[in-house]
Amino acid sequence: MSAGTTYQVAIADDKQTRFHWARWDSAETLAHLQSQAYFKTFAGKVREFSGGAPSATGHDTH
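Each residue of the sequence shown is one higher than the last, beginning at 379 in our numbering.
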């Protein structure tokens, strides 16, 4: 991950559901992350195990 990025995962009480969230400090940081091979692989795996695209529930760049 780049210096302007954090990533966290929380496990729900059912011990199976996971909530993933990431933060980045600028649109440039996000664009850089999305251009990396590991991000493309990760995004593909998320789509695969979730049965579709993940939902984004708010996003801001500060």
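Positions of the beta carbon are idealized from the N, C-alpha and C atoms, including for glycine.
Secondary structure at residue i, three-state DSSP: helix, strand or coil?
i, result
"T384", "strand"
"A400", "strand"
Alpha carbon to alpha carbon, how far is residue j from residue i? Give it in angstroms, no decimals.
i, j, result
"Q460", "D392", "The structure shown does not extend to residue 460, since the chain spans only 379 to 440, so no value can be given for it."
"W399", "Q386", "6 Å"
"Q412", "A405", "11 Å"
"I389", "G422", "21 Å"
"A409", "G382", "12 Å"
"R396", "F427", "12 Å"
Please report the Cβ distance between residue i and residue j, rounded to the nearest whole angstrom; I am assuming they are in contact, meaning their Cβ atoms lie under 8 Å.
i, j, result
"R401", "T384", "5 Å"
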